[in-house]
Amino acid sequence: DEGAITVQDATGRVEARTERGPVYASFRAAPSGFLETRRGSVEVFLPGETGAELEARSLRGEVDIAPGLAWEGERGEQHVLGRI
């Protein structure tokens with residue numbers, strides 16, 4: 232499928248996938264699931280420190296972590312793997 236996906240104030244597992252378009256998701260509790268787009272951006276909004284595991288990869292773009300967000304793990308230009 233194609234097009235933008237928006238998920239607001241999720242409290243459980245979220246699975247969202249699109250071929251083309253952005254994916255936006257906000258969580259009120261620790262996130263679970265996956266968000267994927269082949270041609271677009273993924274933005275995730277979390278409620279403070281969640282202890283969530285994060286694995287993010289991009290084939291054609293960059294993976295950014297918001298300034299000031301506490302996290303630990305490894306980071307490359309096109310991937311992030313760690314805990315928020």
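Okay, so the sequence shown: first residue is 232 according to this note's numbering, each after it adds one.
Even for Gly, the Cβ is constructed at its ideal location relative to N, Cα and C.
From the options, residue whose alpha carbon lies closest to that of residue i
{"i": "Glu-274", "options": "Ala-287, Glu-305 and Ala-283", "result": "Ala-287"}
{"i": "Arg-314", "options": "Arg-291, Thr-237 and Leu-277", "result": "Leu-277"}
{"i": "Ala-301", "options": "Glu-246, Gly-279 and Leu-266", "result": "Gly-279"}
{"i": "Ser-289", "options": "Pro-298, Thr-268 and Gly-299", "result": "Thr-268"}
{"i": "Ser-272", "options": "Glu-250, Gly-243 and Gly-264", "result": "Glu-250"}
{"i": "Thr-281", "options": "Ala-261, Ile-296 and Glu-303", "result": "Ala-261"}
{"i": "Arg-259", "options": "Pro-298, Val-238 and Glu-308", "result": "Val-238"}
Whole-angstrom distance between residue j and residue i, CA atom to CA atom
{"i": "Ala-235", "j": "Glu-293", "result": "19 Å"}
{"i": "Arg-270", "j": "Val-311", "result": "18 Å"}
{"i": "Val-254", "j": "Glu-284", "result": "18 Å"}
{"i": "Ser-257", "j": "Ala-241", "result": "6 Å"}
{"i": "Glu-233", "j": "Arg-244", "result": "21 Å"}
{"i": "Arg-291", "j": "Arg-306", "result": "16 Å"}
{"i": "Arg-248", "j": "Ile-296", "result": "21 Å"}
{"i": "Gly-304", "j": "Pro-298", "result": "15 Å"}
Residue i in three-state terms, based on DSSP
{"i": "Leu-277", "result": "coil"}
{"i": "Leu-285", "result": "strand"}
{"i": "Asp-232", "result": "coil"}
Per DSSP, cross-strand counterpart(s) of residue i
{"i": "Gly-307", "result": "His-310"}
{"i": "Gly-264", "result": "Val-245"}
{"i": "Ala-297", "result": "Answer by DSSP bridge pairing: none, since Ala-297 is not bridged."}
{"i": "Ser-257", "result": "Phe-276"}
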